[in-house]
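Undergrad: Residue numbers (UniProt numbering): 1 to 242.
Glycine included, C-beta positions come from ideal geometry on N, C-alpha and C.
Just so you know, these numbers come straight off a predicted model, no measurement behind them.
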Amino acid sequence: MIFDKEYDEFLKKFRHFLMNSRYGLCNACNSTTRFVSVDSWTEICTWNVCKRKESILSNTIISYRKKTLKFYFTVFKLMFQSIKLKDICTLLNCSYKSIKSISRKINNNVKEKYYDLIKPIGGPNLIVEIDESKFGKRKYNKGHRVEGVWVLGLVERSEKRKIIYIPLADRKKETLIKIIRRFVLPGSTIYTDCWKGYLGLNEYFNHLTVNHSVSFVDENTGVHTNTIEGNWSLMKRNVPIR
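(1) In whole angstroms, give me the CA-to-CA distance for residue 234 and residue 227.
(2) Would you say the stretch 151 to 165 touches the stretch 121 to 131, given that touching needs at least three Cβ pairs under 8 Å?
(3) Need the endpoints of the alpha helix (DSSP H) that residue 230 sits in, please.
(4) Given a cut-off of 8 Å on the beta-carbon distance, is the pair residue 73 and residue 17 in contact?
(5) According to DSSP, what are the bridge partners of residue 131?
(6) Which residue comes first and which comes last in the beta strand (DSSP E) that contains residue 16?
(7) From this set, 99, 210, 192 and 19, which residue's C-alpha is nearest residue 128's C-alpha?
(8) For residue 52, name the three-state secondary structure that DSSP assigns.
(9) Less than 8 Å between the C-beta atoms of residue 206 and residue 221, yes or no?
(10) Tell me the DSSP bridge mates of residue 45?
(11) Is residue 197 near residue 171, with beta carbons less than 8 Å apart?
(12) Buried or exposed: which applies to residue 68, given that a residue is buried once 16 or more other Cβ atoms fall within 10 Å of its Cβ?
(13) Can you look up residue 165 in the DSSP assignment and give me helix, strand or coil?
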């Protein structure tokens with residue numbers, strides 16, 4: 001199977017991590033647990049009265065797996081390399097239904113974890129450029145119009161060039177300011193265009209704008225949002241049209 005070397009390396013590191021990690025807690029009695037077997041991915045409660053056994057893969061996207069862990073590892077690798085689902089089916093000789101199910105679980109899991117994993121950007125003496133862009137072309141599909149999704153992009157002007165993308169339910173002032181306050185640190189200087197949804201940001205940040213109907217760079221202040229706008233075309237190339 002493809003990715004044999006990568007899987008063996010992953011397994012080696014994962015086993016080492018499990019054997020050297022701290023004990024977990026039993027879901028039944030809250031006592032400490034220890035690993036019975038790394039190969040079976042099973043841990044057992046250390047309390048003699050309980051002795052509950054449970055897979056460490058419980059409550060994960062492969063909890064009720066019918067395939068091997070190696071199979072899922074390979075699917076994940078292919079998916080994150082943007083290989084189409086139908087091509088993954090051909091490579092692994094499996095049904096489209098199975099791969100589609102795994103893909104759906106991954107997407108749902110990413111959505112659930114995404115916001116919790118994002119660390120705020122910016123801070124004192126740092127500039128954060130902010131812009132929105134629509135993803136998905138407008139078209140008619142079985143009698144109804146598909147409008148696409150608006151995405152808010154935030155990029156920190158620094159050596160690390162930290163970027164955050166947030167899907168938007170709408171572009172209203174309340175929505176945008178709530179998101180920006182959550183993901184941009186106090187003391188930041190924010191650059192945006194003159195979209196009305198950004199009105200009021202100056203209550204929380206040093207907010208400067210550029211009027212794109214006049215120029216892309218403000219002649220007086222030098223303010224521009226070219227950094228975040230330059231990322232949109234690159235990002236959209238990797239997003240399939242539905």
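TA: The relevant details are as follows:
(1) As a working mapping, residue 234 is identified with position 234 in the sequence shown. As a working mapping, residue 227 is identified with position 227 in the sequence shown. Between residue 234 and residue 227, the C-alpha separation is close to 12 Å.
(2) At 8 Å Cβ cutoff, the stretches touch.
(3) If you number the sequence shown from 1, residue 230 lands on position 230. Run containing residue 230: 226 to 237, per the alpha helix (DSSP H) assignment.
(4) For the purposes of this step, residue 73 is taken as the residue at position 73 of the sequence shown. For the purposes of this step, residue 17 is taken as the residue at position 17 of the sequence shown. In this structure, residue 17 does not lie closer than 8 Å to residue 73 by Cβ.
(5) As a working note, residue 131 is residue 131 in the sequence shown. Residue 131 pairs with 153.
(6) Taking the first residue of the sequence shown as position 1, residue 16 is located at position 16. Per DSSP, residue 16 is not a residue of any beta strand (DSSP E); the alpha helix (DSSP H) it occupies stretches across 4 to 20.
(7) Taking the first residue of the sequence shown as 1, we reach residue 128 at position 128. Across the set 99, 210, 192 and 19, the C-alpha of 192 shows the shortest separation from the C-alpha of residue 128.
(8) As a first step, residue 52 is located in the sequence shown; it is residue number 52 there, counting from the start. When secondary structure is reduced to three states using DSSP, residue 52 falls in the coil class, being assigned neither helix nor strand.
(9) Within the sequence shown, numbered from 1, the residue matching residue 206 stands at position 206. Within the sequence shown, numbered from 1, the residue matching residue 221 stands at position 221. Going by C-beta atoms, residue 206 is not nearer than 8 Å to residue 221.
(10) Start at 1 with the first residue of the sequence shown, and residue 45 comes out as number 45. According to DSSP, residue 45 bridges with 33.
(11) Residue 197 sits at position 197 when you count from the first residue of the sequence shown. Residue 171 sits at position 171 when you count from the first residue of the sequence shown. Closer than 8 Å, so yes.
(12) Position 68 of the sequence shown, counting from 1, holds the residue named residue 68. Its Cβ having fewer than 16 others within 10 Å, residue 68 is exposed.
(13) Along the sequence shown, read from residue 1 onward, the residue named residue 165 stands at position 165. Taken through DSSP and simplified to helix, strand or coil, residue 165 comes out as strand.
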